[in-house]
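A.B. asks:
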Amino acid sequence: MDEANRSVVSEFVFLGLTNSWEMQVVLFVFSSLFYVASMMGNSLIIITVTSDPHLHSPMYFLLANLSFIDLGVSSVISPKMIYDLFRKHRVISFGGCVAQIFFLHIIGAVEMLLLTAMAFDRYVAICKPLHYLTIMSPKVCTLLLGASWILGFIHSLTQLLFVIKLPFCGPNEIDSFYCDLPRFIKLACIDTYKLEFMVTANSGFVTLGSFFILAISYIFILITVRKHSSGGLSKALSTLSSHVMVVILFFGPCIFVYTWPHSTSHLDKYLAVFDAGLTPFLNSLIYTLRNKEMKVAMRRVCSQLIVCRKIS
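Every letter in the sequence shown is one number past the one before it in full-length UniProt numbering, and letter 166, counting from 1, is 166.
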């Protein structure tokens, strides 16, 4: 296609989730409440872990960083979705669409790798308790966090390089409420079958690879726990169950979108709402309600904040 016939698409139009007024109201209330709750809950976890010396351990260090990532997961999609719900003309610039794809993939990849690091932390705590503080030293925790961000950046940049120079000459309508890679690629003016395969293989490999590593880690942990019955291990197993719940909530929608043969169905749009709006909130809820130490620390922090506010 020559340059004269290649009109440049400067913006994309979202078709959204639904045209039903009642459904839009429900989605607005649902999304707004869970977005605010997610931001407050994950911010409180970060503040609590940072300010409470009792929580300065590898597990809570990784948890605070997971909460930071969850703030990003919520913020990349939810504000734009909520803003667009009652708009007739839902648009996003080409640059904004590409930026949304980039941040979604870097945040998603970092969260997968962080969950893997947290599984490793639980594996060491349960299977090698006497060497836990030596293996999970502050240096190792920092390296795990740094590696997660570097690998997440490489993954996202690779995805971006696949699509950044694609020609777009119309149509420019995306049947979704955010810029997801499968639908974005389909709007290109060229045959994108091979490219779609490479993108799906890349994301699918990261998603399934992380999921299988997590599954193997949990199997080893469960085998070890089964051989012991001490109170400490029971407590560790209780903590582990929280990780398993978070992993299922996060990986379920991702595996569906990037490995299902017909991922551009209406179902994956609602899974995206769940993943962006509800999952970050549930993560903070699961890690607080199922963790007595965290609940006590949060009460302590909230009490201190109330006292400081009264004094000021």
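The beta carbon of each residue, even a glycine, is placed where N, CA and C say it ideally should be.
Are the CB atoms of Phe177 and Phe12 within a distance shorter than 9 Å?
C.D. replies: As a position in the sequence shown, residue 12 is number 12, starting the count at 1. As a position in the sequence shown, residue 177 is number 177, starting the count at 1. It is not a contact, given that the beta carbons lie outside the stated cut-off.
A.B. asks: Please return the same chain residues whose Cβ sits closer than 7 Å to the Cβ of Ala297, not counting the five positions on each side in sequence.
C.D. replies: For the purposes of this step, residue 297 is identified with residue 297 of the sequence shown, where counting begins at 1. Within the same chain, Ala297 has close Cβ partners Thr48, Asp52, His54 and Leu55.
A.B. asks: Among the candidates Phe281, Lys295 and Ile216, whose CA atom is the shortest distance from the CA of Ser78?
C.D. replies: Sequence index remark: in the sequence shown, residue 78 carries index 78 (1-based). Ranking Phe281, Lys295 and Ile216 by Cα distance to Ser78 puts Phe281 first.
A.B. asks: Quick one: is the Cβ of Ser210 within less than 8 Å of any heavy atom of the ligand FAD?
C.D. replies: With respect to the ligand FAD, the structure shown offers nothing to examine, as it has no ligands at all.
A.B. asks: Just the Cα atoms here: how many angstroms apart are Met245 and Val73?
C.D. replies: Numbered from 1 along the sequence shown, position 245 holds the residue referred to as residue 245. Numbered from 1 along the sequence shown, position 73 holds the residue referred to as residue 73. Taking the straight line joining both Cα atoms gives about 18 Å.
A.B. asks: By a C-beta neighbour count over all protein chains shown, 10 Å radius and 16 as the cutoff for buried, is Asp84 buried or exposed?
C.D. replies: Locating residue 84 in the sequence shown gives position 84, where the first residue counts as 1. Counting Cβ neighbours within 10 Å, Asp84 comes out buried, since at least 16 surround it.
A.B. asks: Quick check: the segment 102-122 against the segment 198-215, are there 3 or more CB pairs under 8 Å?
C.D. replies: Contact holds: three or more Cβ-Cβ distances are below 8 Å.
A.B. asks: How is Ile190 classed by DSSP in three states: helix, strand or coil?
C.D. replies: Along the sequence shown, one-based indexing puts residue 190 at 190. Reduced to three states, the DSSP call for Ile190 is coil.
A.B. asks: Is Tyr193 buried or exposed, if buried means 16 or more other CB atoms sit within 10 Å of its CB?
C.D. replies: The residue you call residue 193 lines up with position 193 of the sequence shown. It counts as exposed.
A.B. asks: Pull up the CB-CB distance for Asn283 and Asp121, whole angstroms please, since I reckon it's below 8 Å.
C.D. replies: As a working note, residue 283 is residue 283 in the sequence shown. As a working note, residue 121 is residue 121 in the sequence shown. Actually they are not in contact, since the Cβ atoms of Asn283 and Asp121 sit about 16 Å apart, beyond 8 Å.
A.B. asks: Reducing DSSP to helix, strand and coil, say where Phe86 ends up.
C.D. replies: Position 86 of the sequence shown, counted from the start, is the residue given in the question as residue 86. In this structure, Phe86 counts as coil in the three-state DSSP scheme.
A.B. asks: Measuring alpha carbon to alpha carbon, tell me which of Tyr132, Asn202, Gly152 and Phe94 ends up nearest Ala188.
C.D. replies: Counted from its first residue, the sequence shown places residue 188 at position 188. Among Tyr132, Asn202, Gly152 and Phe94, the Cα nearest to that of Ala188 belongs to Phe94.
A.B. asks: Leaving out five residues before and five after Ser148 in sequence, what residues of the same chain have Cβ atoms less than 6 Å from its Cβ?
C.D. replies: Counting from one through the sequence shown, the residue named residue 148 turns up at place 148. If we look at Ser148 and ignore the five residues flanking it on each side, its Cβ neighbours are Val110, Leu113 and Leu114.
A.B. asks: How is Ser176 classed by DSSP in three states: helix, strand or coil?
C.D. replies: Along the sequence shown, one-based indexing puts residue 176 at 176. Note: Ser176 maps to coil in three-state DSSP.
A.B. asks: Exposed or buried, what is Gly170 when buried is set at 16 or more other beta-carbons lying within 10 Å of its beta-carbon?
C.D. replies: One-based indexing of the sequence shown puts residue 170 at position 170. Exposed: under 16 other Cβ atoms inside 10 Å.
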